[in-house]
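Working notes, beginning with the structure itself.
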Amino acid sequence: MTCDASTADDLAVLLAERDAEALLFRRAGASLTAAHFLRDVQRVAAGLPEADHCLNLCQDRYAFTVALAAAALRGQVSLLSSDRSAASLAGLNGRFERVIAVSEAPAADIPLRHHVLALPHDPVAGTPPNPLIPADRLVAIVFTSGSTGTPVGYRKTWGAITERSRAAGLRFGMLAAAPAGVVGTVPPQHMYGFETTILLPLHAMAASWSGPAFYPIDIRDALLAMPAPRVLVTTPLQIRALLDNGMALPPLQAVISATAPLDPVLAAAAEQHWAAPVLEIFGATEVGSIASRRTVAGPAWTTYDGIRLLQAGTEQVLIAAPHAEPHPLADRVEALSPVEFRLLGRNADMVKLGGRRASLGGLNAILLSLPGVEDGVFIAPDDLDQRPGARLLVFAVAPGLSADDILSALRERIEPVFLPRRVIRLGALPRNEAGKIPRAALLDLLAPDAGPR
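Reminder that position 104 of the sequence shown reads as 96 in our numbering, one-by-one numbering, no gaps.
Here is the structure:
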């Protein structure tokens, strides 16, 4: 076994580009090396039922990675969806041929053929084989969170996702001399969590925490259990929650954030509190992660090694990356060079009122920057373009503020035409584990206010 990526040519890539004794995952009471991983992959692959598609429902990151790799060896395509509702699972069963569900524990609420993994973690004798997987093999279909509508699945080949993992490891300084201990708060079924906590240990100098890490105390305990240098992979919402909690964390090498724009003021506060750089990843389910920036250093993003921007027409920008066809971005960007760009906003969240244009993401960032606002979101009615009197709405979590307080603060920061017609205060927003608010949940919020406004 070797960690030298050059052993894998353009046609096939090793399953684990790490030495046999390299630590890949850690959980309470267990350190799981590449040798453990490869042995468990062999066992699980031999026991997987015949199927074309494997719905990976594992919550434990090590079990998730074993199931993913075992399915890939069997030629089964893993389906990765953050939505575990019975309706969603049944929809996947009707949409794809011969689907099985895989998890690390029995569950009565899964309306599919269900296989439970058996991972005994017996001592590893000898050096397990480290198979090559064709670079063009389709290994996963990753679904969007549904924040902009019905979740859409995007096809991922082994070559494309492994190449991106190597590039991310290099970008974030994950070196052989000091492999990073990664603690992620985002589920492995989400593209961000998939890339940073599942694929990185296989193709970069990193080990990932396998157990839960969502609440502040769980995050602290997970970081304490991981070797230094430690990297926290999280979201803006959880950065804010950790800072508000005030709990001391062990020394960090870096904090990585994604899923939503990070307020530079919040990033600066986190850097000061944790004495570590706060870095953002730019990406999307359709293209994966492609660029990063240090938030406090300015608005420009720099692409990963090997990734280039291609201008297609006057407004569209394509992403060119190894093992993938050039793909249009769903975001509006200003290309500063073939490897640098500035984000202008997502095409899907641009709204136009009174001849003026604004990004809902940008408006959300302003809302979240208001003192006393713990969470919040601007919502545009579906008929915004057709109804002259239609206006935006705001849902906010702000225990110490009134709706008028929030509206007054917004009036000082945004153009009058984008001021919300109403500010509706809630105890919490219906965010999923990745920090996203599915479109269906937004519609549920709107339902009581569906009349004229």
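Note that beta-carbon positions come from the ideal geometry of N, C-alpha and C, so glycine has one too.
Identity of the residue in the options nearest residue i by Cα
| i | options | result |
| --- | --- | --- |
| Leu24 | Phe88, Pro112, Ser281, Cys50 | Pro112 |
| Gly298 | Leu421, His315, Met197, Ser361 | His315 |
| Leu167 | Ala12, Thr294, Trp201, Arg222 | Arg222 |
| Asp128 | Gly86, Arg163, Ala64, Ala110 | Ala64 |
| Phe447 | Gly238, Arg405, Ala61, His107 | Since the first residue of the chain shown is -7 and the last is 445, residue 447 is not available in this structure. |
| Ala159 | Ala79, Arg105, Ala313 | Ala313 |
| Ala276 | Ala169, Arg285, Thr136, Ser284 | Thr136 |
| Ala268 | Ser249, Ser281, Ala283 | Ser249 |
| Lys148 | Ala390, His319, Pro373 | His319 |
| Asp75 | Leu435, Arg423, Leu438 | Arg423 |
| Pro430 | Ala350, Leu235, Pro143 | Pro143 |
| Thr227 | Ala327, Lys428, Asp210, Gln264 | Lys428 |
| Pro333 | Ala372, Ile282, Val94 | Here residue 333 turns out to be Phe, not Pro, going by the sequence shown. Measuring from the Cα of Phe333, the nearest candidate turns out to be Ile282. |
| Ala217 | Leu345, Phe274, Ser329, Gly176 | Gly176 |
| Pro412 | Leu345, Glu366, Pro391 | Leu345 |
| Pro486 | Leu321, Gln303, Ala292, Ile209 | Beyond the ends of the chain as shown, which are -7 and 445, falls residue 486; an answer cannot be given. |
| Asn48 | Glu404, Trp150, Ala97 | Ala97 |
| Tyr54 | Gly165, Leu229, Thr189 | Thr189 |
| Tyr184 | Ser284, Asn237, Ala79, Arg90 | Ser284 |
| Leu40 | Arg90, Leu7, Leu84 | Arg90 |
| Ala8 | Ala38, Gly151, Ala169 | Gly151 |
| Ser400 | Glu366, Leu362, Asp374 | Leu362 |
| Leu6 | Glu155, Gly161, His107 | Glu155 |
Beta-bridge pairing of residue i - partner residues as DSSP gives them
| i | result |
| --- | --- |
| Arg348 | Leu345 |
| Trp293 | Phe333 |
| Thr226 | Ser249 |
| Tyr184 | Partner(s): none; Tyr184 has no beta bridge. |
| Pro320 | Leu310 |
| Trp201 | Arg18 |
| Ser23 | Arg18 |
| Phe387 | Val369, Ile416 |
| Ile133 | Leu71, Arg147 |
| Leu167 | Ala170 |
| Ile273 | Ser284 |
| Arg53 | Partner(s): none; Arg53 has no beta bridge. |
| Arg300 | Ala312 |
Spatial distance of residue i from residue j (CA atoms)
| i | j | result |
| --- | --- | --- |
| Gly203 | Pro180 | 11 Å |
| Tyr207 | Ala214 | 11 Å |
| Arg232 | Leu258 | 7 Å |
| Ala12 | Ser73 | 31 Å |
| Phe29 | Leu16 | 8 Å |
| Gly86 | Ala100 | 19 Å |
| Leu402 | Leu359 | 7 Å |
| Phe88 | Leu393 | 48 Å |
| Leu124 | Trp266 | 40 Å |
| Ala117 | Glu42 | 28 Å |
| Leu224 | Arg163 | 15 Å |
| Ser200 | Asp52 | 11 Å |
| Arg18 | Arg66 | 26 Å |
| Met(-7) | Pro126 | At Met(-7), the pLDDT of 48 sits below 50, so the modelled position is not reliable and the matter cannot be decided from this model. |
| Ala82 | Leu104 | 7 Å |
| Leu235 | Ile211 | 12 Å |
| Ala220 | Ser157 | 20 Å |
| Ile153 | Arg414 | 43 Å |
| Asn122 | Ile133 | 24 Å |
| Met239 | Ala289 | 26 Å |
| Glu407 | Ala350 | 9 Å |
| Val36 | Gly21 | 22 Å |
| Pro291 | Gln303 | 20 Å |
| Asp436 | Asp341 | 19 Å |
| Ala56 | Arg405 | The question names Ala, but residue 56 in the sequence shown is Phe. Rounded to the nearest angstrom, the two C-alpha atoms are 44 Å apart. |
| Ala390 | Gly354 | 19 Å |
Short Cβ contact (8 Å threshold) for residue i with residue j
| i | j | result |
| --- | --- | --- |
| Leu336 | Arg324 | yes |
| Val174 | Ala198 | yes |
| Leu254 | Glu278 | no |
| Gln245 | Ala172 | yes |
| Val131 | Val69 | yes |
| Val247 | Ala262 | yes |
| Ala14 | Ala26 | yes |
| Phe92 | Cys46 | For clarity, residue 92 is Ile in the given sequence; the question names Phe instead. The answer is yes: Cβ separation under 8 Å. |
| Ile398 | Ala388 | yes |
| Thr287 | Val331 | no |
| Val386 | Phe370 | yes |
| His10 | Leu194 | Correcting the residue identity first, residue 10 is Arg in this sequence and not His. Cβ atoms of Arg10 and Leu194: closer than 8 Å. |
| Ala433 | Arg417 | no |
| Asn356 | Gly368 | yes |
| Leu310 | Ala327 | no |
| His182 | Ala420 | no |
| Thr119 | Val178 | no |
Proximity test, Cβ basis, 8 Å: residue i and chain C
| i | result |
| --- | --- |
| Thr57 | Among the protein chains of the structure shown there is no chain C, as only one such chain exists. |
**Message:** What ranges does the beta strand (DSSP E) occupy inside the stretch 67 to 131, keeping only unbroken runs of at least 3 residues that lie completely in it?
**Reply:** Within the stretch 67 to 131, the runs of beta strand (DSSP E) that reach at least 3 residues and sit entirely inside it are, in chain order, 69 to 72, 91 to 95, 105 to 108, 124 to 126.
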